[in-house]
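S.K.: Reminder that position 170 of the sequence shown reads as 762 in this note's numbering, one-by-one numbering, no gaps.
Note that CB positions come from ideal geometry on N, CA and C, so glycine has one too.
I have a structure here, written as structure tokens, and I will follow up with some questions on it.
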Amino acid sequence: MGRKKVWVEFEGAYSNAVVTLNGNYVGKRPFGYSNFLVDLTRYIKAGEKNTLKVTVKNGMDMNSRWYTGAGLYRDVNLYVTDYAYIQLDSVKISTPSIDTDVAEILVNTEVVYEDRGFRELYVLTEIFDPKGEKIAQDKVPVTIGTSQKINVRQKMFVSNPRLWSPEEPNLYFCETRLMSGDRILDEAKN
Numbered sequence: 593m594g595r596k597k598v599w600v601e602f603e604g605a606y607s608n609a610v611v612t613l614n615g616n617y618v619g620k621r622p623f624g625y626s627n628f629l630v631d632l633t634r635y636i637k638a639g640e641k642n643t644l645k646v647t648v649k650n651g652m653d654m655n656s657r658w659y660t661g662a663g664l665y666r667d668v669n670l671y672v673t674d675y676a677y678i679q680l681d682s683v684k685i686s687t688p689s690i691d692t693d694v695a696e697i698l699v700n701t702e703v704v705y706e707d708r709g710f711r712e713l714y715v716l717t718e719i720f721d722p723k724g725e726k727i728a729q730d731k732v733p734v735t736i737g738t739s740q741k742i743n744v745r746q747k748m749f750v751s752n753p754r755l756w757s758p759e760e761p762n763l764y765f766c767e768t769r770l771m772s773g774d775r776i777l778d779e780a781k782n
């Protein structure tokens, strides 16, 4: 499998969460309404049993108008990535101009490299119509260096887009992959 990064994402831990792995402090989140990501790489024991502990503390007083309970109340996700990866929740899609003839689609993706040296990679982004058919794609070469974070910008056009409305709620999908040759290092689906 080679060297990998290991992350855990908590989509909701209420509140004052403290996370340890194998007895080592790895992260905290004082609030409970937004997700947070913790890097487990340094303390994970590959091929062995690992203990991930999440402690949440919420006083007896009501401290919120929305949720005053305690605990993990949303999903917890485990991610295993290469040392080059797409930053979680970083793919941003916009349509600066759109009409029934053509849609201009901009996709911004944050790529992170947490190793030494340089890597020649590329970002492949594909747009799929409501039926799941690929209707646009763009491939951008990326040279990234030691402990670098870069923003990759891509522009695509879709002819005759099926616009969204309450009567026809057409949804398009975007898949972004970080590639090294033919190997997928990471991907994000929106």
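1. Tell me N614's beta-bridge partners as DSSP assigns them.
2. Please go through the stretch 654-713 and give each complete beta strand (DSSP E) segment of 3 or more residues, from N-terminal end onward.
3. When the Cβ atoms of the stretch 730-740 are set against those of the stretch 683-692, are three or more pairs found closer than 8 Å?
4. Does DSSP classify E623 as helix, strand or coil?
5. Pull up the distance between the alpha-carbon of R595 and that of R711, whole angstroms please.
6. Count the other CB atoms, across all protein chains shown, that sit within 10 Å of the CB of V694; report buried if there are 16 or more and exposed otherwise.
7. Mind checking which residues open and close the beta strand (DSSP E) that includes E779?
8. State the Cα-Cα distance for the pair K609 and E759, rounded to the nearest angstrom.
9. Tell me which same chain residues have a C-beta within less than 8 Å of the C-beta of K726, skipping the five on either side of it?
10. Helix, strand or coil: which one does DSSP assign to I742?
11. Between the beta-carbon of W599 and the beta-carbon of Y671, is there less than 9 Å?
12. Going by Cα to Cα distance, which pick from E696, N614, V668 and V744 is closest to V553?
13. Where do the N-terminal and C-terminal ends of the beta strand (DSSP E) with A728 fall, by residue?
14. Just checking my contact of Q740 with Y714 at CB under 8 Å: how many whole Å lie between their CB atoms?
15. Does the beta-carbon distance from T785 to V611 come in below 9 Å?
16. Cutting at 6 Å between CB atoms, please list the residues of its own chain near K649, excluding the five before and the five after it.
17. Could you check whether N614 and V683 sit closer than 9 Å to each other, using their CB atoms as the reference points?
18. Return no unless some Cβ of chain D is closer than 9 Å to the Cβ of Y635.
19. Rounded to a whole number of angstroms, what is the C-alpha to C-alpha distance between E640 and Y677?
M.R.: Taking the coordinates as given:
1. Note: N614 sits in no beta bridge, so no partner.
2. 668-673, 676-678, 684-690 and 694-705
3. no
4. As written in the sequence, residue 623 is Phe, which differs from the Glu given in the question. Here DSSP, grouped into helix, strand and coil, assigns F623 to coil.
5. 15 Å
6. exposed
7. Its beta strand (DSSP E) spans residues R775 to K781.
8. Per the sequence shown, the amino acid found at residue 609 is Ala instead of Lys. Rounded to the nearest angstrom, the two C-alpha atoms are 43 Å apart.
9. E718, I719 and F720
10. strand
11. yes
12. In the structure as shown, the chain starts at 593 and stops at 782, and residue 553 therefore has no counterpart that could be examined.
13. K726 to I736
14. Not really, about 16 Å apart at Cβ, beyond 8 Å.
15. There is no way to answer for residue 785, as the model of the chain reaches only from 593 to 782.
16. N608
17. no
18. Reference to chain D is not applicable here, since this structure consists of a single protein chain.
19. 25 Å
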